[in-house]
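So the sequence lines, in the order shown, correspond to chains U and B. Remember, our numbering sits 7 above the position in the first sequence when you count from 1. Remember, our numbering sits 2 above the position in the second sequence when you count from 1.
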Amino acid sequence: MGFAGSYQDSHAETVPIAIKILIAGGFGAGKTTLVSALTEIRPLRTEEDLSEPSALVDLTDGVEDKTTTTVAMDFGRITIKDDLVVYLFGTPGQQRFWFMWDELVVGALGAVVLADTRRLADCFPSVDYFEQRGTPFIVAVNCFDGARRFSAEIVRSALNLNLDVPVILCDARQRTSCRDALVTLVEHAIRLLATSPDPVSYAR
Amino acid sequence: MTMVTAVRGAHRTTYDLEPEHVTLLRLCRLPTAVADLCADLDLPLGVIRILLSDMREQRLIAVHHPVPTRLTDPQLLKEVADGLRRLLSG
């Protein structure tokens, strides 16, 4: 019937390319601040209280044990041009929400791990996670007021990072500083593409 | 990042739909990310998914799955880096 024809037509539309970038780090490291500084028009999406309707979906997905959790996730959007859009996902900091990470990381360009030098150990799990998944990531040291300033090299050494992982200092409240963090990540991903013969980490 | 698009002509068959379905149809006239729909309707992803799966069953929307291999294109990534620099310079 005619309807089926229309269904096919819709594929003729240009589907924008969506680039997914994750913003990770410990609780209170500045993920929400960073996403707020960069996102264009949308209000931040805070997802909480997975309620009755979503419980139904979770059941069909076979993840029924997760229906009672409360999940907070920041979401931001930067439109580069009509057919190219960058989405920012602030990953939940709490360890009990890590089941979400596995879904978030699929197809992601990479991650910015925000580090708070007052609680540097909080970002260890994020660093471990992305290292194990082979996801490109950088570490951005959020320079809080009143926090003791550490050099990027001291943070690199404390986190036991490979030399090829970029470590930068940033101020999550400043848009240009956050932009630099994203650009550093994208350029790092480009370098990895050039040096890695097997781009499998992107395809997963 | 899964994107959805309203099927052309789908708006003519909205009489038996819930208001949320109709809103979703309106929002995804052009290919739209599921994450954007969550933000627009202020509903959790799980709810949006079930609404969209209803609509897909009725062939009101087309679902486009991401093509992750595109991220192996250095030219595309360069375009992203340049775009971020240009857009967020202020």
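Here a beta-carbon is modelled for each residue, glycine too, at the ideal position from N, C-alpha and C.
Per DSSP, cross-strand counterpart(s) of residue i
i	result
B/Cys30	Looking at the DSSP assignment, B/Cys30 forms no beta bridge with any residue, so it has no partner.
U/Val119	U/Ile30 and U/Ile145
B/Ala35	B/Met5
U/Arg84	U/Tyr94
B/Ala64	B/Thr7
U/Phe174	A small fix is needed here, since residue 174 of chain U is Val in this sequence, not Phe. Answer by DSSP bridge pairing, in chain order: U/Val146.
U/Ala25	U/Val92
Residue environment, residue i, which counts as buried when at least 16 other CB atoms sit within 10 Å
i	result
B/His67	exposed
U/Thr39	buried
U/Val22	buried
U/Thr46	buried
U/Asp68	With a pLDDT of only 42 at U/Asp68, under 50, the local geometry of the prediction cannot be trusted, and the value read off the model is given with reservation. The residue in question, U/Asp68, is exposed, as its Cβ has fewer than 16 Cβ neighbours within 10 Å.
U/Ser1	No answer is possible for residue 1 of chain U: the residues shown for chain U start at 8 and end at 211.
U/Ala147	buried
U/Lys27	buried
U/Asp109	exposed
U/Leu170	exposed
U/Ser133	buried
B/Val49	buried
U/Asp135	exposed
B/Asp38	buried
B/Asp18	exposed
B/Gly85	buried
Residue i and residue j closer than 8 Å at C-beta
i	j	result
U/Leu121	U/Leu192	no
B/Ile63	B/Thr7	yes
U/Ala44	U/Cys177	no
U/Leu95	U/Ile24	no
B/Leu53	B/Val36	no
U/Gly117	U/Ala196	yes
B/Leu47	B/Cys40	yes
U/Val119	B/Arg87	no
U/Ala159	U/Ile175	yes
Proximity to residue i [Cα-Cα], best of the options
i	options	result
U/Ala115	U/Val93, U/Val134, U/Thr86 and U/Phe131	U/Val93
B/Gln60	B/His23, B/Cys40 and B/Ala41	B/His23
U/Ala36	U/Gly141, U/Ala159, U/Pro143 and U/Cys150	U/Cys150
B/Leu89	U/Ile87, U/Phe137 and U/Ala128	U/Ile87
U/Arg140	U/Val119, U/Leu189 and U/Val112	U/Val112
U/Phe137	U/Asp81, U/Arg84, U/Val172 and U/Arg126	U/Val172
B/Asp42	U/Lys27, U/Ile161, U/Gly33 and U/Arg84	U/Arg84
U/Gly32	U/Pro143, U/Ala128 and U/His195	U/Ala128
U/Arg125	U/Asn169, U/Gln181, U/Leu199 and U/Val162	U/Val162
U/Phe34	U/Phe82, U/Pro99, U/Thr183 and U/Arg182	U/Pro99
B/Ala83	U/Glu160, U/Phe144, U/Ala159 and U/Ala188	U/Ala188
B/Thr4	B/Arg51, B/Arg28 and B/Asp44	B/Arg51
U/Asp89	B/Pro33, B/Ala12 and B/Leu45	B/Pro33
U/Leu200	U/Pro143, U/Arg156, U/Val174 and U/Ile30	U/Pro143
U/Phe82	B/Val65, B/Leu45 and B/Ala12	B/Leu45
U/Cys130	U/Leu168, U/Arg156 and U/Glu160	U/Leu168
B/Ser91	U/Thr183, U/Ile175 and U/Asp135	U/Thr183
B/Arg10	B/Pro21, B/Leu27, B/Leu19 and B/Tyr17	B/Leu27
B/Ala12	B/Met57, B/Pro76 and B/Glu20	B/Met57
U/Ile30	U/Leu166, U/Phe157 and U/Ala179	U/Ala179
B/Lys80	U/Thr202, U/Ser203 and U/Glu194	U/Glu194
U/Ser203	B/Leu78, B/Thr74 and B/Gly85	B/Thr74
*May I have a chain-ordered list of the beta strand (DSSP E) segments no shorter than 3 residues that lie completely inside the stretch 177 to 209 of chain U?*
none
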